[in-house]
């Protein structure tokens, strides 16, 4: 049988609604090919859609896919993208981790300091292994201390491939990794083809992704579906290449398809054509394998996360794929409320699914690149380095939650102070 995409019938109680269905204004975010480019426009606050039921169905080969207009938040404002802090920030984060326990014990929980301490405390892994220090650095350190970027920074060239490229690796029996020092693309293999998760930037598509698949003994022409977690250029950049060169179906949230289509200069090398629109609970099924998608507005309006299984020497393991992490959206309290609601919901979904693996599109967050290198020295009977366990997956989401609450409180305090000054 060919692959198919189905909209799973789920009750609101089972899914857990992200919002109460009231009208929301969501300022969409765009990331251009140049990470340093920042553009701002006046927000179109009247441009609002409300959550509603599925309204139409489109047939896309090889099987029907349900298209939904549910929970699309939109406006017309592009904002600056905050880049992930690098090595120096990581060193700074390591320096403050040692005091996290003491800070937590003497700091009020519902305070900026309390949430930061709780987030940092959640970063350590088994036997104090630093599982998620890259994540806590980006969310609990960099957003609070990062300087404001200029409105018109100097153009940046594509990164030096020699300094960023990493050799592709087989991660599990049926999951493969292609990426750079900071970005990841995952290939789930089935008896009927390949499901690809994220495509990195346009300059990575042919060499890193297609070339990586070939190095691993896989045929890029067998990629049937490309799931794009969110429409920033370093996740969707290679989608056009995979669509045009190999005929792969591109799956993306409705709000992010809109982002791509409305972008004026964020995709100078062209955009993928609108194809499959992800809906909440939608399943991508290929060769007996299933990826279940969940809408997670926050990082972008159409961010999608997923749950699927992989196998380690035949043993089934459940993966939670987090679709969007950083706070590179308009920084105000309502947007953080949306982000927190989505992350908490997916954390609950991951826990219910028994996920013991957390992964995403940025290898410095889930430590994928480093952990995959550990496979070379893995001994018989040892656990898989990416199989961190249910508790560690929960810690990953706790970091996101605590750091987001800290930034939200700081924003709320600033807004309150501004209001008082204006009286």
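Numbering (my numbering), first residue to last: 14 to 436. Here a beta-carbon is modelled for each residue, glycine too, at the ideal position from N, C-alpha and C. This structure is a prediction, so every number in the text was calculated from the model and none was measured.
For residue 191, the nearest candidate out of 230, 286, 289, 132 (CA to CA): 230
Burial state of residue 415 (16 or more Cβ within 10 Å): buried
Pair within 8 Å by beta-carbon distance, residue 372 and residue 343: no
CA-to-CA distance, residue 395 to residue 338, given in whole angstroms: 30 Å
Exposure of residue 329, with buried meaning 16 or more beta-carbon neighbours within 10 Å: Exposed, since its Cβ has fewer than 16 Cβ neighbours within 10 Å.
Entirely enclosed beta strand (DSSP E) segments - the region 354-404, minimum 3 residues: 370-372
As assigned by DSSP and simplified to three states, the class of residue 241: coil
C-beta contact flag for residue 234 and residue 273 at 8 Å: Contact: no.
Contacting residues, own chain, Cβ-Cβ under 6 Å from residue 321 (five flanking each side not counted): 304, 332
Terminal residues of the alpha helix (DSSP H) in which residue 148 lies: 146-149
Residues near residue 319 in its chain [Cβ-Cβ closer than 6 Å; skip 5 each side]: 304, 306, 334
Separation of residue 251 from residue 5, as counted between CA atoms: Residue 5 falls outside the range modelled here, since the chain spans only 14 to 436, and no answer is possible.
Sequence-distant residues of the same chain with beta carbon closer than 6 Å to residue 147, five excluded per side: 377, 378
Where residue 268 falls: helix, strand or coil (DSSP): Helix at residue 268.
Cα-Cα separation between residue 311 and residue 241, rounded to whole angstroms: 15 Å
Same chain, Cβ closer than 7 Å to residue 406, neighbours up to 5 away in sequence not counted: Around residue 406: 333, 363, 368, 369, 371.
Sequence-distant residues of the same chain with beta carbon closer than 6 Å to residue 211, five excluded per side: 198, 242, 248, 374
Proximity to residue 302 [Cα-Cα], best of 237, 382, 397: A check of alpha carbon separations from residue 302 across 237, 382, 397 identifies 237 as the nearest.
Strand pairing of residue 10, partner residues [DSSP]: Look at the range of the chain in this structure, 14 to 436, and you will see that residue 10 is not part of it.
Reference residue 218, options 350, 196, 412, 356, closest by Cα: 196
Cβ-based burial, residue 69 [other Cβ within 10 Å; buried from 16]: Confidence is the limiting factor: at residue 69 the pLDDT is only 29, short of 50, which leaves the residue's position unreliable and the question unanswerable from this model.
For residue 285, three-class secondary structure by DSSP: coil
Classification of residue 291 by the beta-carbon crowding that lies within 10 angstroms, buried from 16 upward: buried
Inter-residue Cα distance where the pair is residue 388 and residue 232: 24 Å
CA nearest to the CA of residue 206, picked from 275, 194, 221, 226: 226
Cβ neighbour criterion (16 or more within 10 Å) applied to residue 392: exposed
Spatially closest choice to residue 341 from 271, 288, 420, by CA coordinates: If we check each option's Cα against that of residue 341, 420 comes out closest.
Short Cβ contact (8 Å threshold) for residue 179 with residue 193: A contact, by the Cβ cut-off of 8 Å.
C-alpha distance - residue 271 paired with residue 264, whole-angstrom precision: In a straight line, the C-alpha of residue 271 is about 13 Å away from that of residue 264.
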